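Written out below as structure tokens is the structure these notes cover.
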Amino acid sequence: MAPTRTVFAALTGGLLLAFASTLLLVSLTAGPASASTLEQKQAAARDRIQQTSEAIESGRADLEAAQSEAADAAARESDLSGLLSNGERRSAELADQLDQAEKALARSKKRLARARRYLAQHLVAVYMNGGEPSTLDMALGAGSFDELTTGTEYLSAIEDTNERLMDRVADLRRELDGKVDGLGEAKQAIDQHNAALASARDQIASVRAEAESSAASLASANAAKAAQIDSLKGDIAGWQKRIEKQQRVSAEQAEEEVEQDLGGPYSIPTYIVMCESGGNYSAVNSSSGAGGAYQIMPSTWEAYGGKGLPQDASKAEQDRIAALIWADSGPGAWSCA
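Position 104 of the sequence shown, counting from 1, maps to 104 under this note's numbering, and the rest follow consecutively.
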């Protein structure tokens, strides 16, 4: 029996040793594999976050371009509205002048007609009476000197009246011609202003269409940006959860590790920084002038005691001023919040 127990004991010991060796081998290979998997997942999460940050940055450029176009369109529309207002006022003035000219022309025509009728009647009367007497006729037919004087004065008065009448007719004709010319010029001016008004209206319609299109693009860009920010927040939160689970650390420790992997830690939520600059402390927005990882405006930077430009400052200084801004204004100070 002893040899049998010895063999059994040896066999049992060998199996246990083999099993222990297997467990050791598994444990040795499982650890690196888990670490490798975690590292791969972290790298994938980091890549997704960076890609989302770049997409947001590109979308921001498009958004700012749309905003600029909308502002230009609004300014142009304001200018054209002013032109239209001035044109309408000028058109009303010319219309009033045209109305006055037409009324004056009608009065001139009536005066001319009256003068012509009077002259015609006078000439007929003279003709029917054998013509106007001459000075010699008056002298030969006068019975006395007083009668001659009276007749001569009468004859002079008739001649003066005829001359004045003819002059007045000539003046009325010239006035009529002038009114007609003025009327034509006024009409031409009104036509030109009407054409300018029509053109201005067409331009305003075009500007409004462009502004509406820009507004639609702006709304679309804002919606896309909101979705990208949500995606960014989700990726960062998911990354933190995986670290908590696989490394068995607290949420705070996981958050700190994620921030470090993304260039932090930061003074404000990581997703805002990634959205604003991708974590680039030297980033500069060419449109607004905002700079640094937190995209702080130079005027705001100076107001909080910053020296120079934000993008030229150290990480510590940018973190410090961003923390002050966050304490005063919270997420409202950042468009990505």
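Don't be surprised by glycine CBs; every beta carbon is placed ideally from N, CA and C. Note that the structure is predicted; figures quoted are calculated from it, not measured.
| task | Quick one: give me the first and last residue of the alpha helix (DSSP H) that M274 is part of. | result | T270 to E276
| task | Assign G308 to buried or exposed, taking buried as 16 or more other Cβ atoms, counted over all protein chains shown, within 10 Å of its Cβ. | result | Taking every protein chain shown into account, the CB of G308 has fewer than 16 other CB atoms within 10 angstroms, so this residue is exposed.
| field | First through last residue of the alpha helix (DSSP H) which encompasses K307 | value | Where K307 is concerned, there is no enclosing alpha helix (DSSP H), given that its DSSP letter is neither H nor E.
| message | For A92 and D99, what's the separation of their Cα atoms in angstroms? | response | 11 Å
| said: Classify A322: buried if its beta carbon has 16 or more other beta carbons within 10 angstroms, exposed otherwise. | reply: By the Cβ-count criterion, A322 is buried, with 16 or more other Cβ atoms from all chains shown falling within 10 Å of its own Cβ.
| said: Determine whether the beta carbon atoms of Y281 and V273 lie at a separation below 7 Å. | reply: no
| To the nearest whole angstrom, what separates the beta carbons of L94 and I204, a pair I think is in contact under 8 Å? | The Cβ separation is near 22 Å, so there is no contact.
| message | Check this for me: beta carbons of V207 and A73, under 7 Å apart or not? | response | Less than 7 Å separates the beta-carbon of V207 from that of A73.
| Hey, would you say A195 sits closer than 7 Å to L84, going by beta carbons? | no
| task | Please report how far the alpha carbon of G330 lies from the alpha carbon of R320, in whole angstroms. | result | 14 Å
| query | K109 to D96, Cα distance in whole Å? | reply | 20 Å
| query | CB A101 to CB G182, shorter than 7 Å? | reply | yes
| said: If you follow the alpha helix (DSSP H) that Q318 is in, where does it begin and where does it stop? | reply: K315 to S329
| Thinking C-alpha only, which one of P298, G292 and A333 is nearest S314? | G292
| Do S287 and E64 have their C-beta atoms within less than 7 Å of each other? | yes
| Coarse secondary structure for G82, derived from DSSP in three states | DSSP, reduced to helix, strand and coil, places G82 within a helical segment of the structure shown.
| query | Nearest CA to the CA of S81: which residue from T300, E302, A216 and L197? | reply | L197
| query | Buried or exposed: which applies to G332, given that a residue is buried once 16 or more other Cβ atoms fall within 10 Å of its Cβ? | reply | exposed
| In this structure, does DSSP put G292 in helix, strand or coil? | DSSP places G292 in coil when its eight states are reduced to three.
| request: Taking P269 as the reference, give the member of A327, A104 and A290 with the closest Cα. | output: Comparing C-alpha distances from P269 to each of A327, A104 and A290 shows the shortest one belongs to A327.
| Which residue's Cα is closest to the Cα of D202: I325, D230, Y304 and R76? | Nearest of I325, D230, Y304 and R76 to D202, Cα basis: R76.
| field | Endpoints, the alpha helix (DSSP H) within which A303 is located | value | P298 to A303
| query | Within this structure, are the beta carbons of L324 and Y304 separated by less than 7 Å? | reply | Yes; because the gap between Cβ atoms is below 7 Å, this pair is in contact.
| Where DSSP assigns a beta bridge to V284, which residues make up the other side? | G291
| query | When burial is assigned at 16 or more other CB atoms within 10 Å of the CB, is Q192 buried or exposed? | reply | exposed
| said: If you reduce the DSSP assignment to three classes, tell me which class E147 lands in. | reply: With a pLDDT of 48 at E147, under the threshold of 50, the modelled position of this residue cannot be trusted, and the question is left open.
| message | Here's the rule I'm using: 16 or more other beta-carbon atoms within 10 Å means buried, otherwise exposed. How should A186 be labelled? | response | buried
| said: For Q318, tell me which candidate among S335, C336 and M297 has the shortest Cα-Cα distance. | reply: M297
| Around the Cβ of Q311, are there at least 16 other Cβ atoms within 10 angstroms (buried) or fewer (exposed)? | buried
| query | Between E88 and C336, what straight-line distance do the alpha-carbon atoms span, to the nearest angstrom? | reply | 46 Å
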